[in-house]
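Student: Heads up: the sequence shown at position 93 corresponds to 93 in this note's numbering, and the numbers run straight through without jumps. Glycine included, each C-beta is placed from N, C-alpha and C at the ideal position. Please read all numbers here as calculations on a predicted model, not as lab measurements.
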Amino acid sequence: MAANKGRTVIKRRYIAEATAQTFHANSDSKVRCVRGPIGSGKSVMCIMELFIRSLEQAPGSDGIRRTRWAIVRNSFPQLKSTTIKTAIDFLTEEVLQITYGSPITGLIKLNLPDGTRVESEWYFLPLDKLVHILLGDNGINIST
Ligand SMILES: Nc1ncnc2c1ncn2[C@@H]1O[C@H](COP(=O)(O)OP(=O)(O)OP(=O)(O)O)[C@@H](O)[C@H]1O
Ligand SMILES: [Mg+2]
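1) Any heavy atom of ligand 2 within a distance shorter than 7 Å of the CB on SER43?
2) For a test of the three-state rule: what should DSSP assign to ILE71, helix, strand or coil?
3) Tell me whether THR83 is buried or exposed, calling it buried when 16 or more other Cβ atoms sit within 10 Å of its Cβ.
4) On the CB-based measure, 16 or more other CB atoms within 10 Å of its CB, does PRO126 come out buried or exposed?
5) Grouping DSSP H, G and I as helix and E and B as strand, with all else coil, what is GLN78?
6) Less than 8 Å separating the beta-carbons of PHE90 and ASP128?
7) Cα-Cα, which of THR99, GLY115, ILE108 and ASP28 is closest to GLU121?
8) Using the Cβ count rule (16 or more neighbours within 10 Å means buried), how would you classify ALA87?
9) Alpha carbon to alpha carbon, how far is GLY41 from LYS85?
10) Just the Cα atoms here: how many angstroms apart are LYS30 and ARG7?
11) According to DSSP, simplified to helix, strand and coil, what is SER120?
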């Protein structure tokens with residue numbers, strides 16, 4: 001991060017591997033899936049895809065590029081110890097401001113050089129919590 005004529009400039013380098021390049025390029029499909037070995041960069045690729053789409057979103061008449069995303073993992077610990085950590089590693093806390101409420105939210109507010117503004121909300125949702133919300137605190141009650 002560096003001060004530059006009253007602006008804050010944050011420089012981060014992300015080099016997409018071959019699979020990630022294909023994934024990023026195929027940006028009009030409604031559903032895209034990826035699989036790969038542990039630690040092969042799937043989470044980083046997905047985080048960067050959301051960030052790219054947030055920047056690319058067409059601006060409204062007020063010049064604001066608004067997006068809202070849901071990032072869903074199996075459990076709260078998985079979200080906190082891996083997904084959110086990865087997101088902060090790559091986007092920095094200056095860019096992705098995390099609030100540890102319920103749900104955990106991330107907020108990106110950026111002014112782009114073309115005069116438009118990015119406002120992107122990220123909802124980090126654990127499925128274990130969702131099951132409780134949908135089915136009540138007792139979860140599924142199956143009797144035989
Ligand atoms: N394009 C990249 N450039 C630099 N480092 C990367 C890149 N992609 C991934 N990494 C590094 O590799 C590590 C593993 O990446 P990531 O967590 O995305 O893998 P994963 O496939 O989601 O793993 P898991 O299967 O455990 O969920 C991360 O700590 C990250 O710093
Ligand atoms: Mg992962």
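Tutor: On the basis of the data shown:
1) By one-based count along the sequence shown, residue 43 stands at place 43. In this structure, SER43 has its beta carbon less than 7 Å from a heavy atom of ligand 2.
2) In the sequence shown, the residue the question calls residue 71 occupies position 71. Assigned with DSSP and collapsed to three states, ILE71 falls in strand.
3) Within the sequence shown, residue 83 is the residue found at index 83, counting from 1. Buried, by the Cβ-count rule.
4) As a working note, residue 126 is residue 126 in the sequence shown. It counts as buried.
5) The count along the sequence shown starts at 1 and reaches residue 78 at position 78. GLN78 falls in the helix class under three-state DSSP.
6) Counting from one through the sequence shown, the residue named residue 90 turns up at place 90. Counting from one through the sequence shown, the residue named residue 128 turns up at place 128. For the pair PHE90 and ASP128, the CB atoms are not nearer than the 8 Å cut-off.
7) Translated into the one-based positions of the sequence shown, residue 121 becomes position 121. Cα-wise, what sits closest to GLU121 is ILE108.
8) One-based indexing of the sequence shown puts residue 87 at position 87. Buried: at least 16 other Cβ atoms inside 10 Å.
9) Your numbering for residue 41 matches position 41 in the sequence shown. Your numbering for residue 85 matches position 85 in the sequence shown. Those two C-alpha atoms are separated by around 13 Å.
10) For the purposes of this step, residue 30 is taken as residue 30 along the sequence shown, with counting starting at 1. For the purposes of this step, residue 7 is taken as residue 7 along the sequence shown, with counting starting at 1. The straight-line gap separating the alpha-carbon atoms of LYS30 and ARG7 is approximately 36 Å.
11) Mapped onto the sequence shown, residue 120 falls at position 120. When DSSP states are grouped into helix, strand and coil, SER120 belongs to the strand group.
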